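With my numbering as the guide, the letters of the sequence shown map in order to residues -3 to 200. Virtual Cβ for every residue (Gly too), placed ideally from N, Cα, C. Quick caveat: nothing in here was measured; it's all calculated off a predicted structure.
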Amino acid sequence: MNPEIVVHSSVHEVDFWKRYRVLLRMIKALVEREHLILALQGEGSIPEKTRDEAVGSIKAEHAQNLGVFHDFLVNFINMSLLGLHHVDITLEFSFYSAGPILSERICIHVDQHKKKLPYEEGQRFLSALSWILEEDQPDASLVRLYEVYQERYDRGQDADLNRCTLALQKEVYPGSIFHATLRLPAEAFIEPEFGQIPTTPDRE
């Protein structure tokens, strides 16, 4: 039987920060592609048909790249669990009681480093929270969900205090809209059950 191979912590550190730099380069490339799409869409000197075909092709490629980026992000977050790094995600979003729920900004925090992620990542994670719009009090449902994660990550056994925060504001004019800022350990966002409140006998 082959002995278990143990990777020295320094090797893990080098690989971790190497992947972080790759993550930054991927984000930069995605932002540049978004700027290119916007520039082409506003370019009036190109024939409309040619412009639309070019934009459509770039958008299709961009969508594929976003999928690749998401997979890389998930792997990076999983890798962070093997070391001593804090990787959190802050998700800023807004919603009306009758919907929709929209991402405004999403950032990843790697120790003391903060970087904005693509808008699409925020919308992807928010899809797991769309159920709160079906509740009589969606803001209260969001608070209940937050309390589940706060109990798990800030108060549970071996918890790391103060990694979870929720700021919630209600705008009453000209329309009733909620603005929320949710910060959780990044691992919470990539779990299959993210956004679900565990069923308890009281709620059955």
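With fewer than 16 neighbouring CB atoms inside 10 Å of its own CB, GLU147 falls in the exposed class. For the segment 131 to 190, the full-length alpha helix (DSSP H) segments reaching 4 residues or more read 134 to 146, 182 to 185 along the chain. When C-alpha distances from HIS81 are compared across GLU189, GLU183, ILE193, GLY191, the shortest belongs to GLU183. With respect to the C-alpha of LEU162, the residue from GLY171, LEU138, PRO134 having the closest C-alpha is LEU138.
In the DSSP secondary-structure assignment, ARG101 is bridged to GLU88.
The C-beta separation of VAL83 from HIS105 comes to about 7 Å, placing the pair in contact by the 8 Å criterion.
For ALA176, the number of other beta carbons within 10 angstroms of its own is at least 16, and it is reported as buried. Under the three-state reduction of DSSP output, HIS109 falls in the strand class. Taking the Cα positions, ILE23 is about 23 Å away from ALA124. Of all alpha-carbon atoms in ARG159, PHE68, ALA94, the one lying nearest the alpha-carbon of ARG21 is that of PHE68. Contact between PHE91 and LEU129 holds: their C-beta atoms lie close to 6 Å from each other, under 8 Å. Within the DSSP secondary-structure output, VAL83 pairs in a beta bridge with VAL106.
Per DSSP, reduced to three states, the secondary structure at SER93 is coil, with no helix or strand assignment. In the three-state reduction of the DSSP assignment, ILE33 falls in the helix class. Between GLY191 and LEU141, the C-beta spacing is below 8 Å. DSSP, reduced to helix, strand and coil, places GLU116 within a helical segment of the structure shown. Shown here, SER53 sits in a helix according to DSSP, grouped into three states.
DSSP, read as helix, strand or coil, puts SER41 in coil. GLY118 counts as buried, since no fewer than 16 other beta carbons sit within 10 angstroms of its beta carbon. For a cut-off of 8 Å, the C-beta gap from VAL51 to GLN37 is around 6 Å, short enough to register as a contact.
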